[in-house]
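Undergrad: Handing you this structure, nothing more for now.
Residue numbers (the working numbering): 5 to 53.
Written as structure tokens, this is what we have:
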């Protein structure tokens, strides 16, 4: 899942979508995408070497 912790990431996305209401703006949705740099730090897994 793009180097993310699935449970933490999906919980965050669902909570943020609830806060945004029924018609969120595309910019607000873009910041929730897995490859967004705006995701909180603790969501990424450590890369294996």
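Glycine included, every Cβ here is placed at the ideal spot set by N, Cα and C.
So residue 49 and residue 14 are in contact, right, with Cβ under 8 Å, and what is the actual spacing, rounded?
TA: About 14 Å separates the CB atoms of residue 49 and residue 14; that is not less than 8 Å, and the two are not in contact.
Undergrad: From the DSSP output, which residues share a beta bridge with residue 8?
TA: 48
Undergrad: Going by the CB atoms, is the gap between residue 24 and residue 32 shorter than 7 Å?
TA: yes
Undergrad: When the Cα atoms are used, what is the spatial distance from residue 29 to residue 36?
TA: 12 Å
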